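Participant: As you go down the protein sequences, you meet chains A and B in turn.
Numbered according to numbering that gives the first Met the number 0, the first sequence spans residues 0 to 409.
Numbered according to numbering that gives the first Met the number 0, the second sequence spans residues 0 to 290.
We put the beta carbon where it would ideally sit given N, CA and C, even for glycine.
From a predicted model like this one, the values you see are computed outputs, not experimental measurements.
Below is the structure I would like to discuss, written out as structure tokens.
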Amino acid sequence: MGKTGFNRLGWVFVVLLSFLFLMEGYLSPSPAWAQNTIRFGASLPFTGRESREGRLSRDGMELWRDVVNKKGGIKVGNKSYKVDILFYDDESDPRTTAKLVEKLVTEDNIKFVLGPYGSTPSFAASAITEKYKALIVVGMGSAEAIFERGFKYLFGPLTTASYYLVDSLKLCAAQEPKPETVAIIYKNELFSTQSAEGGKKVAEDLGFKVVYFEKYPPDAKDLSSVISIIRAKNPDIYIVSGHFEDSFLAVKQAKELKLNPKVIIGNVGVATPDFITSLREDAEYVLGPTQWVPNQKTRDHVFGSAEDYTKLYEKTYGYTPDYHSAGQTSAALIFQLAIEKAQSLDVDKVRDAMSALDTDSFFGHIKFNEKGINVAKGMAVLQIQKGKHVPIYPPAVGLGKFIYPKPPWK
Amino acid sequence: MIYQIILNGFLLGGLYAIVAMGFSIVWGVMNVINLAHGAFIMLGAYMTFWFFDLWGIDPFLSIPISMVILFCVGYFIQRNIINLVIRAQVFMVLILTFGLEILIMNLTTVAWTGNYRSVPTPYSGANIEIGPIVIPSVRLAIFLIALIITVGLYFFLGKTRTGNAIKATSLDKEAAQLVGVNIGKMYAITFAIGGALAGAAGSLLAILSAISPYMGGPYTLKAFVICVLGGLGSIIGLIIGGIILGMAESIGTVLLGPGYADAISFVILVIILAIRPEGILGKKFFAEVKH
């Protein structure tokens, strides 16, 4: 009896495997690349945990590709080049990202790589591109650690993790009466830890007293005990540094347990539309930093202003872009600006032009420091008011008024 | 504050018990470690979400519906998939259920995207305040439902014909067959009950947390710890195991900091395995070692 079971399963395996092999051949890129095309490559999570962000990334990159091609391509000398992007699915696994980026560079012979989604895959991917002297712009990698290895062929448009909470805390420090105490909890992983540590340092520099500073496990599904401890300390500012699920849980359980600070800040996730639809009125008055808002005043010659970009994006995909898509678009745009500046497709020349960029874009100002981090763009701060994201900082972007202190839970 | 922490641990424990229940019965009766348990929980949560989103059905009312749907899903999966390898080595079953989990999660992602969903009810966040203690009403209700389901399952296994047949199957397959129990059917029903219980757990979690295709995984791990803690095959043991784990995590959060919550549960697991491998209330009953 046991044997039959095995055989049947064996058959299922054989069929599945052969199917996969067939698919592999089917999905492989066609070898016919036009001569006057600049080829880019990206490994993104289309399946698995981060498939949503993978989709947003791809939409952002493809928007750039289509706009550039529609405008006749990138001009180098007298020649116009079309652009194309080869995508691979890394299944939300950073090890796969590294392998696929190696494939992009060595087998597909692509020298311009657009970053994957997230800090850990960006860390892995840039190690590979550096090894082969291929150029990478990580549109969605914001942990400092990515840039701390002295790499020459690596750039990132995002504000890095340690600076995430700076602007929100500056805004709080300017309020009357000034809040005094801060409690910070953070997810035990690279990005969230660096953000929290950066936040703690700034909070202390600004004269706040940090009354609680603790990490929790990455897959925590319940924060009730942490919140009970924080409630006993009664902080004025309550910060959670994690991802969407963490901000969601931290706000929801704060209400359940009647934690009533004057300000609630969620480091990541608050800026997404899902946050408002998921929490409805409980999301009101929560603050969140964001890499980009469509109210940005700066502009570039490809997309125009952030507002133009948003309109075009909405028209193309039927939903509003957030910084995920915009960041990935900006990574591609940075390549274009650098190639135009270098007037060459040589990797080293493009690299030098990129490191010398000092220009505006729909994503904000772009100027890299010696590590490849974009230091010219700060974070904007949003507050949720009447079911909408209202930008309240910096003053150049801010249109709304900061509602402070947050009214207690009803 | 200490009362608040104990209360938190208690309420969390009830939730953990219901999360582990379906996993425990499948493991205990069929000797199948169902790694797809978390995926079933996730499906239960999605059922509740869709019933709420499309027809405005209150999440508490959708619990029986998601239980029935996942009962059918469980029955189908056992009959047509797990049954293929039930007599093969234990590793085959592990690999199969692991694969099932990945398959279900990815199908969910394809069908409903990876966007976060939730069930925002008007009463979410409601609480009862007694002196310094805040009791979240929804969590209290969930604790009570977990108790009701536990008691229900206890009586089902102890008092009904089918329940007794399941018990008999788990005790001694051959003897059960001799007295006319249809083993294949009992396995399918057991797996279906496991699915239904996961569905109930999912519906309850939908009220508490954000719903996404990947929400279930960590719960499979918790279920594993609780089963070992409480003792396989003991329904009451699950409640106790769940509460011990919930308490340990809450109190550990205060004493050692929240960063050690996972470490605490595994230290307890190791201690229990070392001093009382059959679990706190485990008997040589469901979980008789079967090689």
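Within 8 Å of any Cβ in chain A, is that where the Cβ of I148 (chain B) sits?
Facilitator: no
Participant: Excluding the five sequence neighbours on either side, which residues of its own chain have a C-beta within less than 7 Å of the C-beta of R298 (chain A), listed in chain order?
Facilitator: The answer, listed in chain order, is S304, D359, F361.
Participant: Where P390 (chain A) and Y45 (chain B) are concerned, what is the direct C-alpha to C-alpha distance, given to the nearest angstrom?
Facilitator: Spanning the two alpha carbons is a distance of roughly 33 Å.
Participant: Kindly say whether M185 (chain B), judged by its beta-carbon, lies nearer than 8 Å to any beta-carbon of chain A.
Facilitator: no
Participant: Who are F367 (chain A)'s beta bridge partners in DSSP?
Facilitator: A:N373
Participant: Can you have a look at V109 (chain B) and say buried or exposed, based on whether 16 or more other CB atoms are within 10 angstroms of its CB?
Facilitator: Label assigned to V109 (chain B): exposed.
Participant: Name the chain A residues that come within less than 7 Å of T112 (chain B), Cβ to Cβ?
Facilitator: R51
Participant: Does chain B have any CB closer than 8 Å to the CB of E106 (chain A)?
Facilitator: no
Participant: Three or more C-beta pairs under 8 Å: does that hold for the stretch 164–181 of chain B against the stretch 282–295 of chain A?
Facilitator: no
Participant: Which chain B residues are close to L43 (chain A), counting only those with a beta carbon under 8 Å from its beta carbon?
Facilitator: Within 8 Å Cβ-Cβ: nothing; L43 (chain A) doesn't reach chain B, min ~13 Å.
Participant: Do P257 (chain B) and K254 (chain A) have their CB atoms nearer than 8 Å?
Facilitator: no
Participant: Taking a contact to mean a Cβ-Cβ separation below 8 Å, would you say A199 (chain B) touches M104 (chain B) in this structure?
Facilitator: Result no, Cβ atoms of A199 (chain B) and M104 (chain B) do not sit closer than 8 Å.
Participant: With three or more beta-carbon pairs closer than 8 Å as the criterion, would you say the stretch 257–267 of chain A touches the stretch 141–156 of chain A?
Facilitator: no
Participant: Just the Cα atoms here: how many angstroms apart are A286 (chain B) and T309 (chain A)?
Facilitator: A caution first: A286 (chain B) carries a pLDDT of 46, below 50, which makes its placement in the model unreliable, though a value can still be read off. Their backbone Cα atoms lie some 59 Å apart in a straight line.
Participant: Between the stretch 124–140 of chain A and the stretch 321–333 of chain A, are three or more C-beta pairs nearer than 8 Å?
Facilitator: Taking one beta carbon from each stretch, the stretch 124–140 of chain A and the stretch 321–333 of chain A have 3 or more pairs nearer than 8 Å; the two touch.
Participant: Just checking: is the beta-carbon of D261 (chain B) within a distance shorter than 8 Å of some beta-carbon in chain A?
Facilitator: Cβ-Cβ to chain A under 8 Å: yes for D261 (chain B).
Participant: Looking at the structure shown, is D281 (chain A) part of a helix, part of a strand, or coil, going by DSSP?
Facilitator: helix
Participant: What residues in the stretch 127–152 of chain B have a beta carbon less than 8 Å from any beta carbon of chain A?
Facilitator: E128, V133, P135, V137, R138
Participant: What residues from chain B crowd round D88 (chain A), counting only those whose CB sits closer than 8 Å?
Facilitator: Going along chain B, no residue has its Cβ under 8 Å from D88 (chain A), so there is no contact; the nearest lies around 11 Å.
Participant: Of all the residues that make up the stretch 186–213 of chain B, which are near chain A by a beta-carbon distance shorter than 7 Å?
Facilitator: S208, A209, Y213
Participant: By alpha-carbon positions, which one of A:T315, A:P293, A:V75, A:K151 ends up nearest to D58 (chain A)?
Facilitator: A:T315
Participant: Which parts of the stretch 16–102 of chain B are runs of the beta strand (DSSP E), unbroken and 3 residues or longer, counting only runs that do not cross its ends?
Facilitator: none
Participant: Using three-state DSSP, classify E61 (chain A) as helix, strand or coil.
Facilitator: In the structure shown, the three-state DSSP call for E61 (chain A) is helix.
Participant: Compare the C-alpha of Q382 (chain A) against each of A:Y392, A:V67, A:N373 and name the closest.
Facilitator: A:Y392
Participant: What are the complete beta strand (DSSP E) segments, minimum 3 residues, inside the stretch 171–232 of chain B?
Facilitator: none
Participant: Is it buried or exposed, C171 (chain A), if we count other Cβ atoms within 10 angstroms and call 16 or more buried?
Facilitator: buried
Participant: Sorted by chain position, which residues of the same chain lie with C-beta nearer than 7 Å to K409 (chain A)'s C-beta, five sequence neighbours on each side aside?
Facilitator: If we look at K409 (chain A) and ignore the five residues flanking it on each side, it has no Cβ neighbours.
Participant: Kindly indicate which three-state DSSP category Y2 (chain B) falls into: helix, strand or coil?
Facilitator: Y2 (chain B): helix per DSSP, three-state reduction.
Participant: When you measure from the CB of I141 (chain B) to every non-hydrogen atom of the ligand PLP, does any distance come out below 7 Å?
Facilitator: This structure lacks the ligand PLP, and indeed carries no ligand of any kind.
Participant: Given a cut-off of 8 Å on the beta-carbon distance, is the pair F247 (chain A) and A209 (chain B) in contact?
Facilitator: yes
Participant: Could you tell me whether the Cβ atoms of G12 (chain B) and G232 (chain B) are closer together than 8 Å?
Facilitator: no
Participant: Taking the beta carbon of E49 (chain A) as the centre, do at least 16 other beta carbons fall within 10 Å, making it buried, or is it exposed?
Facilitator: buried
Participant: Does any C-beta atom of chain A lie closer than 8 Å to the C-beta of Q3 (chain B)?
Facilitator: yes
Participant: Out of A:P44, A:D351, A:P394, A:Q384, which has the shortest C-alpha to C-alpha gap to E369 (chain A)?
Facilitator: A:D351
Participant: Within a Cβ cutoff of 7 Å, which residues of the same chain sit near Y259 (chain B), ignoring the five residues on either side of it in sequence?
Facilitator: G251
Participant: Are the CB atoms of K410 (chain A) and D357 (chain A) nearer to each other than 8 Å?
Facilitator: The structure shown does not extend to residue 410 (chain A), since chain A spans only 0 to 409, so no value can be given for it.
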